[in-house]
Ligand SMILES: Cc1cc2nc3c(=O)[nH]c(=O)nc-3n(C[C@H](O)[C@H](O)[C@H](O)COP(=O)(O)OP(=O)(O)OC[C@H]3O[C@@H](n4cnc5c(N)ncnc54)[C@H](O)[C@@H]3O)c2cc1C
């Protein structure tokens, strides 16, 4: 059954991504990488369920989400922009296909970073980052979620790919098979989360590099 929780803080993480911190529902358990059914507890919105991924850690006494806002959809994410501290959210069932299996390459597009925020935070806390790599595709530098944190955590294992901007030190264009190939050595698992067109493209790139289905852990947004 859904539980009602209050917003503790709501702020912009980037120009179009909100960071929302909420009270933790009683008894809630989840694994890093998992998502939950989420609705706004106000008239006309309480039955509009959407999926969002925890960016907090299971042991935190709060839950956190990073949510990209789509004003043109006039849907839930647009409505979230109008909310304040103390407003209520409904939290339902937990689910999601992405779970950590072992060291690998994380490949994300835009808000598809969210499952990896939680997984990488957990690895950071356990001092198990090792040789994990993150390939993160965005349109521009201003779209990159938590760039500073990933730079600090991963150093040269954080590869940014920008499609609409050319900046020194950032790859330009889309994620390609060649870019993945250059990072692949010694890596067994490939974690993928992105909007549908990028999912399709990167999955076929991974196949072309001989990666088996069992080694690809994925979720489409
Ligand atoms: C498992 C899972 C986890 C996810 N986790 C996250 C997360 O942590 N963070 C995050 O940011 N996102 C996440 N997403 C994506 C997120 O669920 C969607 O972005 C969100 O549901 C959008 O809700 P919305 O109501 O604003 O818009 P939508 O539900 O996309 O659209 C509302 C209505 O707008 C119309 N519409 C749809 N597309 C368009 C368009 N292109 N132009 C104009 N109108 C349109 C349709 O009529 C639709 O009914 C996740 C998705 C999944 C499946």
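Residue numbers (the working numbering): 7 to 227. Even for Gly, the Cβ is constructed at its ideal location relative to N, Cα and C. Because the structure is a prediction, the values reported are computed rather than measured.
In the structure shown, the three-state DSSP call for residue 99 is strand. Taking the Cα positions, residue 9 is about 40 Å away from residue 180. Here residue 187 is exposed: its Cβ has fewer than 16 other Cβ atoms, across all protein chains shown, within 10 Å. The closest heavy atom of ligand 1 lies less than 7 Å from the beta carbon of residue 74. It is roughly 31 Å from the alpha-carbon of residue 70 to the alpha-carbon of residue 190. DSSP, read as helix, strand or coil, puts residue 136 in coil. In this structure, residue 21 has its beta carbon at no less than 7 Å from each heavy atom of ligand 1.
In terms of side-chain proximity, the C-beta atom of residue 84 is found nearer than 7 Å to a non-hydrogen atom of ligand 1. In the structure shown, residue 213 adopts helical secondary structure according to DSSP, grouped into three states. With respect to the 8 Å criterion, residue 173 and residue 141 are not classified as neighbours on the basis of their beta carbons. Taking residue 63 as the centre and dropping the five residues before and after it, the same chain places the C-beta of 38, 124, 127, 128 and 131 closer than 8 Å to its C-beta, in chain order.
With a cutoff of 7 Å, residue 206 does not count as near ligand 1, since its C-beta is closer than that to no heavy atom of the ligand. For residue 59, the closest C-alpha among the options 147, 47, 100 and 182 is that of 100.
Between ligand 1 and the CB of residue 32, the shortest heavy atom gap is not smaller than 7 Å.
In this structure, 97 is the residue among 165, 97 and 29 with its C-alpha nearest to the C-alpha of residue 53.
It is roughly 43 Å from the alpha-carbon of residue 211 to the alpha-carbon of residue 91.
Distance from the Cα of residue 183 is smallest, within the candidate group 155, 216 and 118, for 216.
Ligand 1 has a heavy atom closer than 7 Å to the beta-carbon of residue 102.
Remark: C-beta atoms of residue 169 and residue 139 do not approach each other more closely than 8 Å. Taking a 10 Å sphere around the C-beta of residue 40, we find 16 or more other C-beta atoms and assign the residue as buried.
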